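*Asks:*
Chains as they are written, first to last, in my numbering: chain A, 42 to 152; chain B, 885 to 999.
Following this line, the structure appears as structure tokens:
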């Protein structure tokens with residue numbers, strides 16, 4: 042059974058801080074790892090990672106995958122209050138496109 | 885806006901009842917996925933349809949069923965509702981079964997409350 046573990050479960054920081062969110066996984070025939078941001082509504086797509094060592098960037102957010110050690114990190118630099126959300130990590134594997142999600146990391150950015 | 889639509893936004897009903905949740909995928913997407921998100925269980929995959937056919941089943945109860953219609957919209961039917969079925973139900977869509985991208989775009993969700 043595919044499994045995704047995220048840490049920390051909760052994180053409170055001040056504006057301007059840099060945060061690193063962790064995601065480790067166990068999946069049969071790994072296909073991809075995805076990061077989503079969820080505020081008080083539906084998850085919104087951030088990144089999809091399929092290859093090790095290639096950093097994906099979008100503004101202040103970046104993510105990288107290590108397929109040997111089976112983990113990914115999501116970095117957010119110069120955090121803003123608008124970054125406050127639950128960040129979800131998900132993997133797809135042999136089961137096809139369906140995603141297995143981690144519990145999420147609740148990030149709170151205080152002014 | 886992901887392009888995935890779901891109705892209704894909120895649904896309040898009583899135990900033992902039956903409800904139908906509706907989802908329209910993004911234009912051109914053939915695959916529809918249903919997920920349940922509850923406070924204690926996180927996001928759980930329920931079922932996937934591709935071009936009208938069931939492709940994968942997850943943690944879907946026997947009281948729940950789904951279908952995808954020729955116009956590609958999908959419905960999730962929940963029957964004999966129990967208090968524990970209260971949750972957010974999301975629909976997501978992608979182009980293929982396990983196609984060129986696994987990126988799934990989520991609808992806004994239907995919040996079901998069972999009293």
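Think of the CB as a built atom: it goes at the ideal place given N, C-alpha and C, for glycine as much as any other residue. Nothing here was measured: the structure is a model prediction, and the numbers come from that model.
Just the chain A side, please: which residues come within less than 7 Å of residue 1033 (chain B) by C-beta, in chain order?
*Replies:* Past the boundaries of the shown model lies residue 1033 (chain B); chain B is included only from 885 to 999, so the question cannot be answered.
*Asks:* Would you list the one or two residues that DSSP bridges to residue 948 (chain B)?
*Replies:* According to DSSP, residue 948 (chain B) bridges with B:962.
*Asks:* Along chain B, which residues have their Cβ under 7 Å away from the Cβ of residue 84 (chain A)?
*Replies:* Under the 7 Å cutoff, chain B gives 990.
*Asks:* Have a look at the DSSP bridge pairing and note the partners of residue 941 (chain B).
*Replies:* Per DSSP, B:931.
*Asks:* Any beta carbon from chain A within less than 8 Å of residue 974 (chain B)'s own beta carbon?
*Replies:* Taking Cβ atoms only, chain A reaches closer than 8 Å to residue 974 (chain B), which makes this a yes.
*Asks:* Using a C-beta to C-beta distance shorter than 9 Å, which residues of chain A count as neighbours of residue 929 (chain B)?
*Replies:* Correct list: 136, 139, 140, 141, 142.
*Asks:* Look at the Cβ atom of residue 73 (chain A), then the Cβ atom of residue 91 (chain A), and state whether they are nearer than 8 Å.
*Replies:* Yes, Cβ-Cβ distance for residue 73 (chain A) and residue 91 (chain A) is below 8 Å.
*Asks:* Please confirm if the stretch 96-116 of chain A is in contact with the stretch 885-905 of chain B, defined as three or more CB-CB distances below 8 Å between the two stretches.
*Replies:* Result no; under three Cβ-Cβ pairs closer than 8 Å.
*Asks:* For residue 122 (chain A), which of helix, strand or coil comes out of DSSP?
*Replies:* Of the three classes helix, strand and coil, the one that applies to residue 122 (chain A) here is helix, per DSSP.
*Asks:* Are the beta-carbon atoms belonging to residue 148 (chain A) and residue 987 (chain B) less than 8 Å from one another?
*Replies:* Cβ distance not < 8 Å, so residue 148 (chain A) and residue 987 (chain B) don't count as in contact.
*Asks:* Does the contact criterion of 3 or more C-beta pairs under 8 Å hold for the stretch 914-924 of chain B versus the stretch 961-973 of chain B?
*Replies:* At 8 Å Cβ cutoff, the stretches touch.
*Asks:* At which residues does the beta strand (DSSP E) containing residue 105 (chain A) begin and terminate?
*Replies:* Residues 102-107.
*Asks:* Leaving out the 5 sequence neighbours to the left and right, which residues in its chain are closer than 8 Å to residue 954 (chain B) when beta-carbon positions are compared?
*Replies:* Taken in chain order, the residues that qualify are 936.
*Asks:* Quick check on residue 926 (chain B): does DSSP put it in helix, strand or coil?
*Replies:* Here residue 926 (chain B) sits in strand by DSSP.
*Asks:* The stretch 119-131 of chain A: which residues have C-beta closer than 9 Å to a C-beta of chain C, in chain order?
*Replies:* Absent from the structure is chain C; the protein chains it does hold are A and B.
*Asks:* Helix or strand or just coil, what does DSSP make of residue 111 (chain A)?
*Replies:* In the structure shown, residue 111 (chain A) sits in coil (DSSP, three-state: anything other than H, G, I, E or B).
*Asks:* Check for me: the beta strand (DSSP E) holding residue 88 (chain A) runs from which residue to which?
*Replies:* 85-90 is the extent of the beta strand (DSSP E) around residue 88 (chain A).
*Asks:* Note down the Cα distance separating residue 942 (chain B) from residue 67 (chain A), rounded to an integer number of angstroms.
*Replies:* Residue 942 (chain B) and residue 67 (chain A): Cα-Cα distance of roughly 17 Å.
*Asks:* Name the chain A residues whose beta carbon is nearer than 7 Å to that of residue 917 (chain B)?
*Replies:* Going along chain A in sequence order, the residues near residue 917 (chain B) (Cβ under 7 Å) are 139.
*Asks:* State the DSSP-derived secondary structure class of residue 967 (chain B), mapped to helix, strand or coil.
*Replies:* Helix at residue 967 (chain B).
*Asks:* Mapping the DSSP letters down to three states, classify residue 99 (chain A) as helix, strand or coil.
*Replies:* Three-state result, residue 99 (chain A): strand.
*Asks:* Buried or exposed for residue 123 (chain A), going by 16 or more other Cβ atoms inside 10 Å?
*Replies:* So residue 123 (chain A) ends up on the exposed side.
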